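Enquirer: Residue numbers (the numbering used here): 9 to 325.
Yeah, the Cβ is synthetic: ideal placement off N, Cα and C, and Gly gets one too.
If you're wondering where the values come from, they're calculated on a predicted model, not measured in any experiment.
1) Would you mind working out which of 263, 186, 197, 135 sits nearest residue 159, comparing C-alpha positions?
2) Report buried or exposed for residue 244, applying the criterion of at least 16 other Cβ atoms within 10 angstroms of its Cβ.
3) When we look at the beta-carbon of residue 110 and count the other beta-carbons within 10 Å, is it buried (16 or more) or exposed?
4) Cα-Cα, which of 115, 236, 298, 188 is closest to residue 175?
5) Do you know how far the Cα of residue 184 is from the Cα of residue 198?
6) Using a 10 Å radius around the Cβ and a threshold of 16 neighbouring Cβ atoms, would you call residue 128 buried or exposed?
7) How would you label residue 302, buried or exposed, when you count the other beta carbons within 10 angstroms and need 16 or more for buried?
8) Consult DSSP for residue 106 and reduce its assignment to one of helix, strand or coil.
9) Taking DSSP as the reference, what is the three-state secondary structure of residue 194?
10) What's the gap between the Cα of residue 273 and the Cα of residue 286?
11) When burial is assigned at 16 or more other CB atoms within 10 Å of the CB, is residue 318 buried or exposed?
12) Look at residue 267 and residue 239 and say whether their C-beta atoms are less than 8 Å apart.
13) Taking 8 Å as the CB-CB cut-off, is residue 235 touching chain D?
14) Just to check my reading of the structure: residue 313 and residue 283 have Cβ atoms closer than 8 Å, yes? What is that Cβ distance to the nearest angstrom?
15) Quick check on residue 10: does DSSP put it in helix, strand or coil?
16) Just to check my reading of the structure: residue 182 and residue 170 have Cβ atoms closer than 8 Å, yes? What is that Cβ distance to the nearest angstrom?
17) Which whole-angstrom value describes the C-beta separation of residue 178 and residue 148, a residue pair presumed to lie in contact below a C-beta threshold of 8 Å?
18) My guess is that residue 136 and residue 154 are in contact by the Cβ rule of under 8 Å, so how many angstroms apart are they, rounded?
19) Counting along the chain, where does the alpha helix (DSSP H) carrying residue 301 start and finish?
20) Of the residues 278, 300, 293, 296, which one's Cα is nearest the Cα of residue 328?
21) To the nearest angstrom, how far is the alpha carbon of residue 236 from that of residue 258?
22) Helix, strand or coil for residue 220 per DSSP?
23) Among 105, 201, 126, which residue has its Cα nearest to the Cα of residue 92?
24) Under three-state DSSP, which class holds residue 127?
25) Just tell me which of 88, 246, 162, 168 has its CA closest to the CA of residue 133.
26) Measure the alpha-carbon distance for residue 295 versus residue 261 and round it to whole angstroms.
27) With respect to the alpha helix (DSSP H) encompassing residue 292, which residues constitute its N-terminal and C-terminal limits?
28) Rounded to whole angstroms, what's the CA-CA distance from residue 63 to residue 210? Just pull it up for me.
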């Protein structure tokens with residue numbers, strides 16, 4: 009999900025809930041300082057954004073979307089080779105750490121043979137990923153910029169790891185690159201329509217039109233996770249929380265580590281008064297991306313609220 013300029017206040021939203029008879033839910037949500045409709049608070053712009061504000065999606069080769077590929081069988085074979093090369097690199101590192109030099113030599117030779125079959129771009133990516141995982145701070149910063157330039161979806165595993173990097177510049181840049189990858193389908197036409205929907209939603213704004221555009225994107229690229237995530241945001245802003253949850257869940261089926269969708273899922277559950285489910289979604293989001301500091305702060309209060317609910321249930325039982 010994403011964040012925008014707050015056009016309604018939390019007080020107005022809570023008043024709406026009170027008028028509709030949901031005063032208990034409204035009061036408890038007020039403890040979290042979360043607006044229940046229209047948009048997340050301004051402080052969540054970084055935590056659950058759709059990407060850098062005003063920045064159009066980048067185009068890249070996305071091998072996982074067969075709907076955007078002219079030769080999906082070839083793409084699958086290349087992906088398997090790539091995955092195997094990365095697996096061998098990890099096994100080699102383990103063997104060296106365990107001082108199993110015989111196994112390390114075997115893995116080194118096997119990996120060298122496989123890497124030799126990869127394209128120059130893929131070899132550059134592997135080198136950058138290795139530098140990102142094992143290099144000094146300045147090397148990791150260099151590596152993240154190299155991966156940003158290459159713009160390839162197959163780098164995401166290393167980028168997700170980099171979200172946990174102790175160097176703040178590395179983790180921040182990794183988050184930005186991941187959003188660029190999330191927002192790129194590999195098809196310029198699909199990406200253009202996605203960007204159209206983002207502009208309509210943010211700058212016009214016309215939520216119904218944005219919803220229709222994102223539905224069009226989904227129709228063109230049904231395995232493109234970000235189409236569902238963007239539409240989930242629109243449904244949240246339209247106060248159609250249950251429908252938004254369905255799109256968040258579909259996003260996560262396609263991209264299980266989509267921390268934006270996990271954050272949005274939690275916000276929808278808060279709006280519906282399901283604090284336990286909200287806490288679960290936020291916990292998953294922060295596990296993937298520890299940079300979601302505002303979400304982490306919500307979790308602390310949610311834990312108290314869930315514990316209160318459990319105590320009340322025990323008392324009633």
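Expert: The relevant details are as follows:
1) 186
2) Result: buried.
3) exposed
4) 298
5) Within the model, the alpha-carbon separation for residue 198 versus residue 184 is close to 20 Å.
6) exposed
7) buried
8) Coil.
9) coil
10) 7 Å
11) exposed
12) no
13) Here chain D cannot be found, since the structure has a single protein chain.
14) Their Cβ separation, rounded to whole angstroms, is 5 Å, which keeps residue 313 and residue 283 in contact under 8 Å.
15) Bear in mind that the predicted position of residue 10 carries a pLDDT of just 49, short of 50, making it too unreliable to give a figure here.
16) Indeed they touch by this definition, with Cβ atoms about 4 Å apart.
17) Sure, about 5 Å apart at Cβ, within 8 Å.
18) 4 Å
19) 301 to 324
20) Here the chain covers residues 9 to 325 and nothing more, so residue 328 does not appear.
21) 7 Å
22) helix
23) 126
24) Residue 127 sits in coil when the DSSP states are folded into three classes, being neither helix nor strand.
25) 162
26) Rounded to whole angstroms, the gap between the alpha carbons of residue 295 and residue 261 is 17 Å.
27) Taken as a continuous stretch (DSSP letters only), the alpha helix (DSSP H) holding residue 292 covers 283 to 296.
28) Here residue 63 scores only 36 on pLDDT, less than 50, and its place in the model should not be relied on; the value that follows carries that caveat. Each residue's Cα considered, the two are about 12 Å apart.
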